[in-house]
Amino acid sequence: METMRTDPCPALFGNSASNSEVPIAYFSEFRCPFCRALERDLESLLAEDPATFRLVQHELPIFGPPSELAARASVAAARQGKQQELRRRFMRTPMVAEEASVRRVAETLDLDVEQLLIDMSSAGVQAELDRTRALADLFGFIGTPGLVIGRTVLSGAVPLSLLRQIAEGEKAEPFPAC
1 METMRTDPCP
11 ALFGNSASNS
21 EVPIAYFSEF
31 RCPFCRALER
41 DLESLLAEDP
51 ATFRLVQHEL
61 PIFGPPSELA
71 ARASVAAARQ
81 GKQQELRRRF
91 MRTPMVAEEA
101 SVRRVAETLD
111 LDVEQLLIDM
121 SSAGVQAELD
131 RTRALADLFG
141 FIGTPGLVIG
151 RTVLSGAVPL
161 SLLRQIAEGE
171 KAEPFPAC
């Protein structure tokens with residue numbers, strides 16, 4: 001974790017950083033109403049200019065066991081290339097995550113459900129959630145949502161107009177952000 005303090009960029013934005021994309025690290029919680037609204041705004045921003053922005057998801061479960069289960073499912077779904085589809089379904093459905101509901105959503109997305117359940121309990125998923133918690137602590141995120149857009153750190157809900165303004169400002173900065 002000390003490496004993360006001296007160079008948080010790989011953990012924050014991933015190793016596939018590009019010199020032509022503005023990275024957006026998004027810390028969210030499935031039961032957070034502000035995250036639900038911000039999620040739609042982020043989708044709009046990314047759809048407007050998909051070649052310019054790269055979203056990196058960080059699950060930050062803060063509302064107890066159902067949130068933890070949903071976060072584990074999201075991280076595990078990423079291993080099957082379906083994280084955003086699963087997230088979209090969870091964010092747009094007024095459900096409390098439990099194994100049966102996770103299973104139903106996974107089946108509708110053609111995920112390998114048994115592998116998903118195995119991965120949800122894996123050390124790798126736990127390590128990713130621990131890394132996210134450490135990053136959130138490093139950036140002072142005590143709740144959700146949290147964003148790091150290039151060099152700009154934002155905590156809490158932000159309107160789409162401000163999101164666009166910050167994204168455009170970061171786009172104008174020299175690459176890379178880290």
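Position 98 of the sequence shown, counted from 1, bears residue number 98 in full-length UniProt numbering, the numbering being contiguous throughout.
Glycine is no exception: its CB is placed at the ideal position from the N, C-alpha and C atoms.
Check: Quick check: what's the CA-CA separation for residue 215 versus A167?; Outcome: Since the first residue of the chain shown is 1 and the last is 178, residue 215 is not available in this structure.
Check: Would you decide whether P145 is buried or exposed? Buried here means 16 or more other CB atoms lie within 10 Å of its CB.; Outcome: buried
Check: Tell me whether I149 is buried or exposed, calling it buried when 16 or more other Cβ atoms sit within 10 Å of its Cβ.; Outcome: buried
Check: Which partner residues of S44 appear in the DSSP bridge assignment?; Outcome: Answer is none; S44 lacks a bridge partner.
Check: Please state if the CB of H58 and the CB of L116 are separated by a distance shorter than 8 Å.; Outcome: no
Check: Applying the criterion that 16 or more other CB atoms from any shown protein chain within 10 Å of the CB defines a buried residue, is E170 buried or exposed?; Outcome: buried
Check: Between T132 and F27, how many whole angstroms is the CB-CB distance? I'm expecting something under 8 Å.; Outcome: 7 Å
Check: Nearest to L60 by alpha carbon, out of D130, Q165, E48?; Outcome: D130
Check: On a CA-only basis, which of F139, A70, G124 is nearest V105? Give me that one, please.; Outcome: A70
Check: Buried or exposed: R31, going by 16 or more other Cβ atoms within 10 Å of its Cβ?; Outcome: buried
Check: Going by CA-CA distance only, name the one from P94, S122, Q80, A97 that's closest to L111.; Outcome: Q80
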